[in-house]
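Below is one structure; the comments refer to it alone.
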Amino acid sequence: MNPKISAAIVFSIVIGIPTSVKAYNADHVKQLITTHQCPGCDLRGADLRGADLRDANLRDADLRDADLLGANLINVILSGAKLKGARLPNGTISR
-14 MNPKISAAIV
-4 FSIVIGIPTS
6 VKAYNADHVK
16 QLITTHQCPG
26 CDLRGADLRG
36 ADLRDANLRD
46 ADLRDADLLG
56 ANLINVILSG
66 AKLKGARLPN
76 GTISR
């Protein structure tokens, strides 16, 4: 195969691969940490490692790809929350 064509194919594949967007809203993170009330918040990709989120309201929040490693999630409301790709191991989750 022609090297130019091979390079063009590889370039097209690399450019076409979707990447995970870390697009959390910084105001929503601050709101969550200070008030523990963040229903419907955009927390995609947020770094919430070790956060004390006890009794937080995260109903319908977008937590895709968020890092909750070691976070305290006791009594957290997660109804309708999007958790795909979220890192939860070693966190405490109970209700």
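-14 is the number of the first residue of the sequence shown in the numbering used here; add one for each residue after it. A virtual CB, placed ideally from N, CA and C, is assigned to each residue, including glycine.
Taking the alpha carbon of residue i as the point to measure from, which residue in the options has its own alpha carbon closest?
i	options	result
K45	G30, T20 and S64	For the record, residue 45 in the displayed sequence is Asp; it is not Lys. Taking only the C-alpha atoms, the option nearest D45 is S64.
A31	R39, T20 and D12	D12
I18	L58, N10, A71 and A36	A36
L58	K15, H21 and Q16	H21
D27	N10, A71 and G70	N10
Since residue i and residue j should fall inside the 8 Å C-beta cutoff, what is the C-beta to C-beta distance between them, to a whole number of angstroms?
i	j	result
A8	C23	Contact flag wrong, Cβ pair sits at about 16 Å.
G34	D52	Before going on, a small fix: residue 34 reads as Arg here, not Gly. R34 to D52, Cβ: 5 Å. Contact.
L43	V61	6 Å
Flag this pair as yes or no: are the beta carbons of residue i and residue j separated by less than 7 Å?
i	j	result
A56	L68	no
L48	A66	yes
Since residue i is in the alpha helix (DSSP H), which residue starts that stretch and which ends it?
i	result
I59	Taken as a continuous stretch (DSSP letters only), I59 belongs to no alpha helix (DSSP H), being part of the beta strand (DSSP E) at N57 to I59.
D12	A11 to T20
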